[in-house]
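Contents: one structure, followed by commentary.
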Amino acid sequence: MNNQGLGQFDTDYDKDSRDENALIQDALAGDRGAFAVLVVRNQDRLFASMMQVTGSPEEAEEVVQDAFIRAFVKLDSFQRNSQFFTWLYRIAFNSALTRRRRKKARVSLDDMRENSGVEIASDNEAVDEPMLRIERVRMVREAMTRLTDEHRDILVLREMEEHSYESIADLLSISIGTVRSRLSRARRQLKLCLEAMQRDEEKHIEESER
Numbered sequence: 001m002n003n004q005g006l007g008q009f010d011t012d013y014d015k016d017s018r019d020e021n022a023l024i025q026d027a028l029a030g031d032r033g034a035f036a037v038l039v040v041r042n043q044d045r046l047f048a049s050m051m052q053v054t055g056s057p058e059e060a061e062e063v064v065q066d067a068f069i070r071a072f073v074k075l076d077s078f079q080r081n082s083q084f085f086t087w088l089y090r091i092a093f094n095s096a097l098t099r100r101r102r103k104k105a106r107v108s109l110d111d112m113r114e115n116s117g118v119e120i121a122s123d124n125e126a127v128d129e130p131m132l133r134i135e136r137v138r139m140v141r142e143a144m145t146r147l148t149d150e151h152r153d154i155l156v157l158r159e160m161e162e163h164s165y166e167s168i169a170d171l172l173s174i175s176i177g178t179v180r181s182r183l184s185r186a187r188r189q190l191k192l193c194l195e196a197m198q199r200d201e202e203k204h205i206e207e208s209e210r
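First residue of the sequence shown? That's 1 in full-length UniProt numbering, and the numbers climb one at a time after it.
If you want it as structure tokens, here you go:
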């Protein structure tokens with residue numbers, strides 16, 4: 001992603017040897033360059049994560065830029081009992097949800113990275129894999145767009161971002177028990193969507209061969 005909304009950063013920022021705690025301390029003391037280093041170190045990873053949440057490179061970039069601005073303003077509230085990226089991710093994720101509610105639009109995952117490595121598992125068994133990996137990934141992407149926002153979000157957080165149940169509960173402001181039950185329903189719904197898509201494709205093939 002580009003840095004236009006955050007200012008142009010000197011390429012030397014990626015050579016800064018200060019550790020995360022030192023950068024945060026210096027940024028709090030007024031060193032804007034220290035915060036710029038934090039941006040450079042985290043922006044690509046955050047952008048990739050927000051791409052999976054929003055499904056749109058333009059939307060993801062806006063969310064990331066907004067998250068860094070909010071993080072800069074609220075840096076003194078960072079407790080340092082977690083990694084900076086974890087705190088930053090929560091800001092970005094909440095921003096993405098807020099933007100979605102305002103637009104009242106369904107999230108599309110059409111631009112999900114082809115090599116995202118998506119493998120959604122059911123509670124007791126893996127989703128059937130009767131086709132090549134590339135076709136499976138395509139079908140999963142399409143099936144994800146048919147899920148509710150609630151189900152899609154929790155699958156993205158758990159299966160793609162690999163967040164712990166505790167982290168998901170914190171991000172979504174729900175209990176761990178609710179995380180487990182919602183994830184179970186989401187996996188089941190995704191499996192049903194995939195099975196329905198498979199039947200539709202098989203029916204289409206049969207009709208075309210007549």
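Built from N, CA and C at the ideal position, the CB exists for glycine as well.
Note down, in chain order, each residue of its chain lying with its Cβ closer than 7 angstroms to the Cβ of E202, except the 5 sequence neighbours on either side.
Indexing the sequence shown from 1 puts residue 202 at position 202. If we look at E202 and ignore the five residues flanking it on each side, it has no Cβ neighbours.
May I have the straight-line CA-CA distance separating A121 from M144, to the nearest angstrom?
Position 121 of the sequence shown, counted from the start, is the residue given in the question as residue 121. Position 144 of the sequence shown, counted from the start, is the residue given in the question as residue 144. Note that A121 scores a pLDDT of 49, beneath 50, so its modelled location is shaky and nothing firm can be said.
With a CB to CB cut of under 8 angstroms and the five nearest residues on each side skipped, what residues in its chain are close to I154?
Here residue 154 is taken as the residue at index 154 of the sequence shown, counted from 1. Within the same chain, I168, L172, V179, R182, L183, A186 come within 8 angstroms of I154 by CB-CB distance, once the 5 residues on both sides are set aside.
Reference W87; option with closest CA among E58, L46, T54
Residue 87 sits at position 87 when you count from the first residue of the sequence shown. Closest option to W87, Cα to Cα, is L46.
Quick check on DSSP: helix, strand or coil for E161?
Taking the sequence shown and counting its residues from 1, the one referred to as residue 161 is at position 161. The answer is coil: DSSP assigns E161 none of H, G, I, E or B.
Contained alpha helix (DSSP H) runs [length at least 4] in the UniProt domain "RNA polymerase sigma-70 region 2" (38–104), N- to C-terminal order
57–73, 84–103
Under 9 angstroms between C-beta atoms of F85 and N21
As a first step, residue 85 is located in the sequence shown; it is residue number 85 there, counting from the start. As a first step, residue 21 is located in the sequence shown; it is residue number 21 there, counting from the start. Cβ distance not < 9 angstroms, so F85 and N21 don't count as in contact.
L147 in three-state terms, based on DSSP:
Mapped onto the sequence shown, residue 147 falls at position 147. Reduced to three states, the DSSP call for L147 is coil.
Quick check on I174: does DSSP put it in helix, strand or coil?
Locating residue 174 in the sequence shown gives position 174, counting from the first residue. Here I174 sits in coil by DSSP.
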